[in-house]
Structures are given as C-alpha cells and as structure tokens.
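Numbered continuously in our numbering, the sequence shown closes out at residue 170. Glycine included, C-beta positions come from ideal geometry on N, C-alpha and C. What follows is a short report on a single structure.
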Amino acid sequence: MIYKNRPRDFNKRFDIVGCFVQCDGKFVLLRRQPHKANSSKWGLPAGKKEPGESLEEAVLREIQEETGLVIPASALRRFSSVYVRDDSFDIEWHMFSTEFATKPQIVINLNEHSEFQWISPLEALKMDDLIHDLQESIKLFYGIAIDTVVKN
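Below, the structure is given as structure tokens:
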C-alpha cells in the first residue's frame with residue numbers, strides 16, 4: 019500500500035528510486051528475470067539507493083545499469099516520494115521521470131531483466147504482472163482516476 023504521508027509506525031528499511039523513461043506517450047517497462055526479486059514481473063528502471071549516493075545519483079545509475087541509457091542530471095525530473103508498506107517491510111519510493119523526443123536504443127541488463135517494452139499508462143494498468151504497487155504509482159504519476167481502468 020502507498021501512503022502520501024509517512025505512517026506513524028513507518029519503519030523504513032531502505033530507499034528505492036525509479037524512473038518513468040518516456041517517449042511519445044509511452045514509458046519503458048522491464049521484465050524481471052525469474053531468479054530476481056519480483057520474479058518475472060514488469061517494473062520501471064529502479065533499484066536501491068546505495069549509501070553515500072544522492073537520490074538523483076542513484077536513479078541515474080539504475081537507469082544506466084538497467085537500460086544502457088546515459089541521462090544527464092538536467093534531463094531528470096523528480097516527481098514524488100511516497101511511503102510503501104507491504105507484508106514484510108517498509109520502503110520510501112522516490113519517483114522520477116525523463117522524456118525523449120525519439121525512442122532511444124534500450125540495452126537491457128540480461129542478468130536483471132529478460133525483456134522490455136514501451137507501453138502507454140492505460141495499457142500498463144491492464145496488466146496483471148506488474149511489481150508491487152506499480153499500478154498505484156502509475157495512477158499517481160499520470161493522474162489517472164481509479165475507475166478509469168478496466169482490466170481485460
């Protein structure tokens with residue numbers, strides 16, 4: 019579950035950064051390898067912030083490691099930070115975005131991901147295999163009302 023305000027009993031385990039890499043009304047989703055956490059699910063270029071890194075440094079590193087894209091810090095936009103609670107732990111989720119005029123060449127890290135796709139927000143919201151709380155993050159980022167989406 020995502021919270022805009024920090025829950026009173028929130029016990030943050032770590033910070034996660036992620037980015038909506040966008041072009042022509044679509045964004046990049048990456049499918050996790052079966053042997054990784056969130057096995058075979060689709061997610062944004064994202065990962066844990068390392069000690070000593072700023073949030074911006076962390077998201078730029080994750081984008082490069084997972085997509086091969088080198089993005090200048092000036093092209094990065096910070097959207098929001100939210101608090102995520104699941105069954106096992108709490109994390110602070112920091113969302114960013116970047117926009118390309120033409121689709122860049124994506125080169126995925128095959129150790130972490132098996133494939134990628136460019137997808138519209140409404141198409142993504144119809145998917146059943148998104149990582150934990152990504153559907154809510156997409157709705158928040160794109161300002162989509164909950165009742166707008168009907169799954170097939």
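- The region 47-58 makes no contact with the region 101-108; the number of CB pairs closer than 8 Å stays below 3.
- Between A93 and T116, the C-beta spacing is below 8 Å.
- In the three-state reduction of the DSSP assignment, T120 falls in the coil class.
- Judged by beta-carbon spacing, A64 lies within the 8 Å limit of I34, meaning their Cβ atoms are closer than that value.
- Rounded to the nearest angstrom, the gap between the Cα atoms of F28 and V46 is 30 Å.
- If you look at E75, you'll find it in the alpha helix (DSSP H) that goes L73 to T85.
- Residue environment for K67: buried (at least 16 other C-beta atoms within 10 angstroms of its C-beta).
- Residue state for Q153 is assigned as helix, using DSSP reduced to three classes.
- Taken through DSSP and simplified to helix, strand or coil, E133 comes out as strand.
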